[in-house]
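K.L.:
Here it is, the structure, as structure tokens.
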Amino acid sequence: MATVTPPAVSGPSAAPAPAPAAAPVETIDGFQLVIEALKLNGLDTIYGLPGIPITDLTRRAQADGLRVLAFRHEQNAGYAASIAGFLTQKPGICLTVSAPGFLNGLNALAHATTNCFPMILISGSSEREIVDLQQGDYEEMDQLAVAKPVCKAAFRVLHAEDIGVGIARAIRSAVSGRPGGVYLDLPAKLFAQSVEAVAGRASLIKVVDPAPRQVPAADAIRRAVDLLKGAKKPLIVLGKGAAYAQADADIKALVERTGIPYLPMSMAKGLLPDTHEQCASAARSFVLPAADVVLLIGARLNWLLSHGKGKTWGGKSSKDWGGQKFIQVDISPIEADSNVKIDAPVVGDIASCVSALLKEVNAGWTRPPAEWTGAVHDKKTANVAKMAETLAKDPQPMNFHSALNVVRDIVKANPDAMLVNEGANALDFTRSIVDMYKPRKRIDVGTWGIMGIGMGYCVAAAVETKQQVIAIEGDSAFGFSGMEVETICRYELPVCIVVMNNNGVYKGTDKDPTGRDPAPTVFVKGARYDRIAEAFGGVGVNATTPAELRRAMEEAIRSRRPTLINAVIDETAGTESGRITSLNPSAAKKK
Ligand SMILES: Cc1ncc(C[n+]2csc(CCOP(=O)(O)OP(=O)(O)O)c2C)c(N)n1
Ligand SMILES: [Mg+2]
386 MATVTPPAVS GPSAAPAPAP AAAPVETIDG FQLVIEALKL NGLDTIYGLP
436 GIPITDLTRR AQADGLRVLA FRHEQNAGYA ASIAGFLTQK PGICLTVSAP
486 GFLNGLNALA HATTNCFPMI LISGSSEREI VDLQQGDYEE MDQLAVAKPV
536 CKAAFRVLHA EDIGVGIARA IRSAVSGRPG GVYLDLPAKL FAQSVEAVAG
586 RASLIKVVDP APRQVPAADA IRRAVDLLKG AKKPLIVLGK GAAYAQADAD
636 IKALVERTGI PYLPMSMAKG LLPDTHEQCA SAARSFVLPA ADVVLLIGAR
686 LNWLLSHGKG KTWGGKSSKD WGGQKFIQVD ISPIEADSNV KIDAPVVGDI
736 ASCVSALLKE VNAGWTRPPA EWTGAVHDKK TANVAKMAET LAKDPQPMNF
786 HSALNVVRDI VKANPDAMLV NEGANALDFT RSIVDMYKPR KRIDVGTWGI
836 MGIGMGYCVA AAVETKQQVI AIEGDSAFGF SGMEVETICR YELPVCIVVM
886 NNNGVYKGTD KDPTGRDPAP TVFVKGARYD RIAEAFGGVG VNATTPAELR
936 RAMEEAIRSR RPTLINAVID ETAGTESGRI TSLNPSAAKK K
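386 is the number of the first residue of the sequence shown in this note's numbering; add one for each residue after it.
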């Protein structure tokens, strides 16, 4: 610990008595205050990438007992932090250098905000006086201004004595209400500032109740339950907000006590096992247009639910309302009516809202008409049988279905494993074929359908849950974060990556009509992604059959060693844009 000796005070007399030796005053610097503020609030893991001015912050944080995961690119560190926030309800911390490092992390910050994941991007920044006069400092950028439009809140700390307040504000902003991304700007000069240690430590804040419960109003609950009681064809939609809430037992009880069929959104899969008799996933295109009252729990009516209208919901044309009445449980009071009329908004945190709804669903409750639940059941059984037939085939070369049939078995045998998933076909087929059995095990491209979350999510999933991680990656998707295989190997994380290698984006068959270049959607044919793992001491396996894939995955899980399996998939097997072909302008025009 650095110490400074206070200047001797000179007395008025000509021959003063020798002053008693002043005790040195213990001081604390900005680096240490940041570290202690994080620790005080239970934030013990940093996902980042070192460099000026935060290199020593990473070193000293590690020396002080924090876990510091150093990445090869800040975007991946940022995605890791964002999903750590989703999994733990504590803000995930991403730490970057100034301008370019900050910008690399910004994508993940925007992603966290869009997906309602609590995250704090902490970036070092250059000298304010020079930045503001635009005098050309090293990595000069007004980062605070750049961050603001894509995050929930942004703060800058200029004085060491304000670090406690800065971090407290960042934590509250990230986790309270609707969670999101927060930017915290820490200029280089801050880290070297020293203050008196006792006062410095006293200025730190341990945040009390960072995400206060928001209890719904009794009349809102009554309105919602009355609407649900009158329904002939009710449906529950569970979103990733429901998964985030960690109110698993109450959500399961609400679904089971009401007897209403439910549809889990992608990251809500496993809140109840996908094999649950009330799960309507396999009858999605039947239940959405047919339902008369829909209870949305932590699910927004964005594009992923076709904005609550149009043909998906039984509307006559793409913009027409399908006639459903909606109950929407959401923490944000302005979410209701964002796309269609919400007849019964229930505003509050999901746990409090579900618990309040559950209290109303008591002895007098009648389950939905058997005509409805029977129809859903029949539709689902028929679709499941059709899928089983497809999965039983063993085509040469292997296709998405025969490969994912293996993954489906492996996940069933390892229900605690985390499943990371990105790609187009590799995403859509995995979502529909691979059943999930436990809450918050499936993490994927989220609200934006973003490519690049893969390896960052793998690192955070392994670090935060200590469980085996299985990543099902399109070959294009994998490319966005592939260098982090080194990170996974370096930290010896139990991650098994399966690259569904169909030689390209959607398919590997496109040709440049002029014959000059490869088509924009294709990659090197027969690429051996497995060799990337071998370069870093991990296990690489090339799998051309379901049997080889099964053996490799089983061995990866048994050994818990970093493993990359190159699963060779028929390059003609995919469809353009996977399941969202209709959003493709040329495809939409063709309709
Ligand atoms: C950051 C980002 N860039 C580009 C896209 C557009 N995009 C959607 S899916 C995809 C890749 C699909 O190919 P692949 O991962 O190989 O999956 P496949 O369909 O071949 O299984 C791309 C580039 C995106 N979603 N996100
Ligand atoms: Mg592909």
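For each residue, glycine too, the CB sits at the ideal point set by N, CA and C.
#1: Can you list, in chain order, the residues of its chain with a C-beta nearer than 6 Å to that of Arg752? Leave out the 5 residues immediately preceding and following it.
#2: I'd like the ranges of any alpha helix (DSSP H) spanning at least 4 consecutive residues and lying wholly in the segment 455-540.
#3: Whose C-alpha, out of Ala630, Val739, Thr832, Glu641, is nearest the C-alpha of Val560?
#4: Are the CB atoms of Ile727 and Phe711 within a distance shorter than 7 Å?
#5: Out of Pro674, Arg513, Gly624, Ala665, point me to the one whose CA is closest to Gly707's CA.
#6: For Lys771 and Asn790, what's the separation of their Cα atoms in angstroms?
#7: Among Phe863, Leu425, Ser944, Met803, whose alpha-carbon lies nearest the alpha-carbon of Ala809?
#8: Measuring only from the beta carbon, is Ser861 closer than 6 Å to any heavy atom that is part of ligand 2?
#9: Expressed to the nearest angstrom, what Euclidean distance is found between the alpha-carbon atoms of Glu849 and Arg816?
#10: Among all the DSSP beta bridges, which residues are the ones paired with Cys664?
#11: Shorter than 6 Å, the distance from the beta carbon of Asn969 to the closest heavy atom of ligand 2, or not?
#12: So within the segment 868-926, which uninterrupted alpha helix (DSSP H) runs reach at least 4 residues, ignoring any that extend past its ends?
#13: Rounded to a whole number of angstroms, what is the C-alpha to C-alpha distance between Asp633 and Arg875?
#14: Here's the rule I'm using: 16 or more other beta-carbon atoms within 10 Å means buried, otherwise exposed. How should Gln520 be labelled?
#15: Can you tell me whether Asn768 is helix, strand or coil according to DSSP?
#16: If we ignore side chains and look at the alpha-carbon of each, how far apart do Ser398 and Glu546 end up?
#17: Could you check whether the Cβ of Asn461 sits closer than 6 Å to any heavy atom belonging to ligand 2?
#18: Going by alpha carbons, who is nearest to Ala469 out of Glu641, Gly841, Thr899, Val531?
#19: Please state whether DSSP places Tyr629 in a helix, a strand or coil.
#20: DSSP beta-bridge partners for Asp570?
#21: What residues are listed by DSSP as bridge partners for Gln713?
#22: Can we say the segment 548-557 touches the segment 521-530, given the rule of at least three CB pairs closer than 8 Å?
#23: With Gly346 and Pro601 assumed to form a contact (beta carbons below 8 Å), what rounded beta-carbon distance in angstroms separates them?
#24: In its own chain, which residues sit with a C-beta less than 7 Å from the C-beta of Ala408, not counting the 5 before and 5 after it?
#25: Helix, strand or coil: which one does DSSP assign to Gly859?
#26: If you draw a straight line from the C-alpha of Asn747 to the C-alpha of Arg642, how long is it?
#27: Which residue marks the beginning of the alpha helix (DSSP H) containing Asn790, and which one marks its end?
#28: Using a threshold of 7 Å, state whether the C-beta atoms of Ala904 and Lys892 are closer than that.
#29: Ends of the beta strand (DSSP E) at Tyr432?
#30: Determine which residues share a DSSP beta bridge with Leu612 and list them.
#31: Under the three-state reduction of DSSP, which class applies to Asp978: helix, strand or coil?
#32: With Ser579 as the anchor, note down where its beta strand (DSSP E) starts and where it stops.
#33: Express the C-alpha separation of Phe908 and Ala928 in angstroms, rounding to a whole number.
#34: Quick check: what's the CA-CA separation for Val389 versus Thr412?
#35: What is the C-beta distance between Gly624 and Leu681, in whole angstroms, given that I count them as a contact (C-beta under 8 Å)?
#36: Let me check one thing: in DSSP terms, what residues is Met803 bridge-paired to?
P.N.:
Walking through what the data contain:
#1: Apart from the 5 residues on each side of it in sequence, Arg752 sits with its Cβ closer than 6 Å to the Cβ of Gly644 in its chain, given in chain order.
#2: Entirely contained in the segment 455-540, the alpha helix (DSSP H) runs reaching 4 residues are, in chain order, 459-473, 484-500, 513-517, 528-532.
#3: Out of Ala630, Val739, Thr832, Glu641, the CA that lies nearest to the CA of Val560 is found in Ala630.
#4: With respect to Ile727, Phe711 sits close: the two C-beta atoms are nearer than 7 Å.
#5: Comparing Cα-Cα distances from Gly707 to each of Pro674, Arg513, Gly624, Ala665, the minimum goes to Pro674.
#6: Going from the Cα of Lys771 to the Cα of Asn790 covers about 14 Å.
#7: Nearest Cα to Ala809 within the set Phe863, Leu425, Ser944, Met803: Phe863.
#8: For ligand 2, at least one heavy atom lies less than 6 Å from the Cβ of Ser861.
#9: Rounded to the nearest whole angstrom, the C-alpha separation of Glu849 and Arg816 is 23 Å.
#10: DSSP output for Cys664 lists Tyr647 as bridge partner(s).
#11: No, since every heavy atom of ligand 2 falls outside the 6 Å radius drawn around the Cβ of Asn969.
#12: Every unbroken stretch of the alpha helix (DSSP H) spanning 4 or more residues and falling wholly within the segment 868-926 is given here in chain order: 870-875, 915-920.
#13: Cα-Cα distance, rounded: 34 Å.
#14: Gln520 is exposed by the Cβ-count criterion.
#15: Here DSSP, grouped into helix, strand and coil, assigns Asn768 to helix.
#16: Any reading at Ser398 needs caution, since the residue's pLDDT is 49, under 50, leaving its predicted position unreliable; the model's value is listed next. So the alpha carbons of these two residues sit roughly 37 Å apart.
#17: Answer for Asn461: no, Cβ out of range of ligand 2.
#18: Ranked by Cα distance from Ala469, the options Glu641, Gly841, Thr899, Val531 are led by Gly841.
#19: Correct three-state label for Tyr629: helix.
#20: Within the DSSP bridge table, the entry for Asp570 names Ser508, Arg541 as partners.
#21: DSSP lists Leu681, Pro730 as partners of Gln713.
#22: No: the two stretches stay apart, fewer than three of their Cβ pairs being nearer than 8 Å.
#23: Residue 346 is absent from the model: the chain starts at 386 and stops at 976.
#24: Spatial neighbours of Ala408 in its own chain (CB-CB distance under 7 Å, excluding positions within 5 residues in sequence) are not present.
#25: Here Gly859 sits in strand by DSSP.
#26: Roughly 8 Å between the two C-alpha positions.
#27: It spans 785-798 - the alpha helix (DSSP H) in which Asn790 sits, taken as one unbroken run.
#28: Not closer than 7 Å, so no.
#29: 430-433 is the extent of the beta strand (DSSP E) around Tyr432.
#30: The bridge partners DSSP lists for Leu612 come to none.
#31: Coverage of the chain is limited to positions 386 through 976, which leaves residue 978 absent and any answer about it impossible.
#32: Segment 579-581, the beta strand (DSSP E) holding Ser579.
#33: Answer to the nearest angstrom: the Cα atoms are 18 Å apart.
#34: Summary for Val389: the model assigns pLDDT 47, below 50, so the residue's position carries little reliability; its value from the coordinates is reported in the next sentence. Cα to Cα, Val389 sits roughly 7 Å from Thr412.
#35: Between Leu681 and Gly624 the Cβ distance is about 7 Å, and since that is below 8 Å, they are a contact.
#36: Looking at the DSSP assignment, Met803 forms a beta bridge with Val854.
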